[in-house]
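One structure below.
Numbering (the UniProt record's numbering), first residue to last: 1 to 677.
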């Protein structure tokens with residue numbers, strides 16, 4: 001039987017956070033007759049938010065509680081703390097096993113701080129019972145979810161206003177050189193669907209042409225306006241992080257320069273291209289945060305004026321940021337989300353893009369949509385993508401299915417496809433994975449490599465892994481060592497730019513932050529390894545030459561965003577070499593920043609897979625831990641693999657862990673699909 005002393009033990013053991021137990025205690029003080037089951041539900045709901053869940057799925061936590069309680073600190077070495085945690089886990093599991101769902105729901109329904117969302121007075125918690133589910137929310141997440149639902153539904157119910165004949169003609173012009181010989185042209189379909197809806201999603205893996213497609217979509221919109229002598233639309237481009245925004249900036253500019261956009265009527269190509277924006281902002285900058293607040297200057301009362309908003313890397317957007325976007329724009333603003341639905345979910349609560357793209361693999365297009373695609377987009381589409389049960393949202397989602405970066409059937413493409421495959425029977429993938437690595441290993445220059453790394457306490461790098469790291473980071477560190485021998489600022493700018501470009505040649509990714517073989521421990525190990533091999537000098541000084549750092553919080557005072565990566569170098573100031581950190585300016589140039597102005601940074605020889613989203617590296621290595629964790633999912637491995645442009649190395653310590661991870665999917669509770677039909 002549950003009691004408040006259990007909450008104390010669970011938080012002391014690290015199973016719950018102190019804020020989780022504090023919330024439950026506050027409830028008991030506010031409502032003295034609160035049932036014990038309600039206190040437990042409140043603590044677990046608060047905890048689940050820290051685990052990325054928008055809400056607590058009451059049925060799911062009773063049927064599989066261990067999946068919803070572990071963190072990346074689970075399975076630590078055998079210590080007194082780990083024993084205390086194990087005892088707490090067993091006690092909590094026993095407590096949950098004794099609960100009957102209907103009795104639990106009855107207690108929640110009777111509690112006056114738990115509402116249904118339709119109550120006259122707002123309640124701190126909201127219980128949603130629909131579609132056979134029972135979901136308990138903290139009110140802030142329920143409100144965020146409702147904002148997204150309303151924003152999307154309003155747009156889905158409204159036709160874009162474009163004439164089918166205009167869309168057909170413009171698609172013919174913009175895709176004239178895109179003949180695929182009776183193949184389905186998914187880029188053409190995506191462009192058409194985005195043009196036909198005021199809310200649309202274009203999803204696809206790396207290299208499938210999301211940027212090219214959205215440029216053609218924007219050209220279609222602007223072309224339609226200009227040919228009717230209407231002013232061009234106000235279009236805003238955004239991405240979740242500074243790194244993603246900078247990369248999209250470069251990608252948009254490069255793709256727009258080489259994209260062969262023909263004349264549309266009397267509108268010349270350069271005139272049309274001139275109406276397509278190339279400046280990409282972070283979502284935070286787009287909405288303008290209020291200093292010292294979680295609120296934004298652009299909000300429901302003061303919306304941003306824009307005709308179209310396009311957001312890239314949408315898989316990284318958490319539920320509150322997505323809600324802020326819909327709150328901060330006018331109801332008439334078109335919204336297009338771009339992203340890879342199979343990538344990792346956001347660090348914060350929510351799996352918004354993944355939830356919205358449910359059914360994208362199958363299409364789920366109704367017959368009217370199938371007919372529209374064949375008539376307006378003028379490309380064949382297989383009957384397997386037809387489903388009369390498809391929702392209104394399904395009709396606004398287009399998935400790009402052909403990769404132009406990875407050769408179809410190439411090593412990286414095969415590996416990513418295998419890992420990403422959903423198998424209903426959870427049949428083993430490991431034999432196929434080993435075969436892919438084995439075949440690649442027989443090539444003169446293998447694209448894929450797989451190393452085993454023992455991960456015991458005080459274990460050292462294996463010879464293969466040590467060589468990989470020294471060689472991988474050696475390229476940019478050799479570049480660091482070759483600094484200009486003059487004091488010419490232009491020479492230092494060119495040197496710094498070369499260092500940054502060299503740094504993107506290799507990156508080690510990890511799944512976990514804590515522990516000797518997590519982010520924190522590995523950064524120290526790699527520093528010592530590079531010192532021993534003469535690639536680094538004295539690393540006792542915080543800002544040693546060549547230190548790679550990542551910004552961990554948005555810092556508007558120096559115009560650096562969470563995820564930006566810089567390198568500690570020197571720069572000439574009044575005839576002296578001064579310590580500076582160099583960053584890309586996102587426009588092809590560089591910026592030098594005083595180390596003292598960087599308040600939130602961390603060394604980044606090892607980078608978490610989460611933080612790598614929105615980045616590409618010539619060669620990526622992914623190190624997996626040798627113990628099970630709910631953090632280890634196929635989405636995490638897939639994201640790590642697809643950061644690679646040319647080569648990929650997998651480093652693991654346990655085949656069972658690898659197999660389990662490849663068949664384990666991200667599971668985050670939300671109610672988006674209950675409402676958006």
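Ideal placement from N, C-alpha and C gives every residue a C-beta, glycine not left out.
Residue environment for residue 635: buried (at least 16 other C-beta atoms within 10 angstroms of its C-beta). Within 10 angstroms of the beta-carbon of residue 458 lie fewer than 16 other beta-carbons, which makes it exposed. When the Cα atoms are used, residue 339 and residue 193 turn out to be separated by approximately 16 Å. Taking the Cα of residue 230 as reference, the smallest distance to any Cα among 653, 62 and 221 is reached at 221. Positions of the beta strand (DSSP E) runs, each at least 3 residues long and wholly inside the segment 519-593, are given as 548-551, 565-573, 576-584 and 590-593 in order along the chain. The C-alpha of residue 480 is placed about 47 Å away from the C-alpha of residue 333.
For residue 339, the enclosing beta strand (DSSP E) starts and ends at 334-339. For residue 421, there is no enclosing beta strand (DSSP E), as DSSP marks it with neither H nor E. Distance from the CA of residue 450 to the CA of residue 83, rounded to the nearest whole angstrom, comes to 34 Å. For residue 564 and residue 122, the gap between their C-alpha atoms comes out near 39 Å. Here residue 473 carries a helix assignment [DSSP, helix/strand/coil]. Residue pairing of residue 308 in beta bridges, as defined by DSSP: 235 and 334.
Ranked by how close their Cα comes to the Cα of residue 545, the residues 534, 467, 387 and 211 have 534 in first place. Secondary structure of residue 282 (DSSP, three-state): strand.
For the pair residue 419 and residue 638, the CB atoms are nearer than the 7 Å cut-off. DSSP places residue 620 inside the beta strand (DSSP E), whose first and last residues are 617-623.
Residue burial is scored here from C-beta neighbours: residue 110 has fewer than 16 other C-beta atoms within 10 angstroms and is therefore classed as exposed. With a beta-carbon spacing of about 6 Å, residue 509 and residue 620 fall inside the 8 Å limit used to define contacts. Between the alpha carbons of residue 23 and residue 515 lies a gap of roughly 29 Å. Residue 29: member of the alpha helix (DSSP H) spanning 18-30, first to last residue.
Distance from the Cα of residue 562 is smallest, within the candidate group 370, 642, 550 and 286, for 550. Using a Cβ-Cβ distance cut-off of 8 Å, the segment 164-180 and the segment 375-391 are in contact, since at least three pairs of beta carbons, one from each stretch, lie closer than that value.
With three or more CB-CB distances shorter than 8 Å, the segment 113-132 counts as touching the segment 30-49. With fewer than 16 neighbouring CB atoms inside 10 Å of its own CB, residue 578 falls in the exposed class. In the structure shown, residue 650 falls within a strand segment according to DSSP collapsed to helix, strand and coil. Excluding sequence positions up to five before and after residue 326, its CB lies within less than 8 Å of the CB of 147, 148, 150, 151, 152 and 335, all in the same chain and listed in chain order.
The segment 420-438 makes no contact with the segment 393-404, as fewer than three CB pairs between them are under 8 Å. Between the alpha carbons of residue 423 and residue 633 lies a gap of roughly 14 Å.
A check of alpha carbon separations from residue 63 across 56, 97, 31 and 90 identifies 97 as the nearest. Around the beta carbon of residue 103, fewer than 16 other beta carbons lie within 10 angstroms, which makes this residue exposed.
Excluding five sequence positions before and after residue 218, the CB atoms of its chain that fall closer than 7 Å to its own CB belong to 235 and 276, given in chain order. In the structure shown, residue 461 adopts coil according to DSSP, grouped into three states.
DSSP, reduced to helix, strand and coil, places residue 398 within a strand of the structure shown. Between the segment 298-312 and the segment 347-361 there are fewer than three C-beta pairs closer than 8 Å, too few to call the two in contact. Going by DSSP, residue 298 is part of no alpha helix (DSSP H) at all; its letter is neither H nor E. The Cβ-Cβ distance between residue 227 and residue 274 does not fall below 7 Å.
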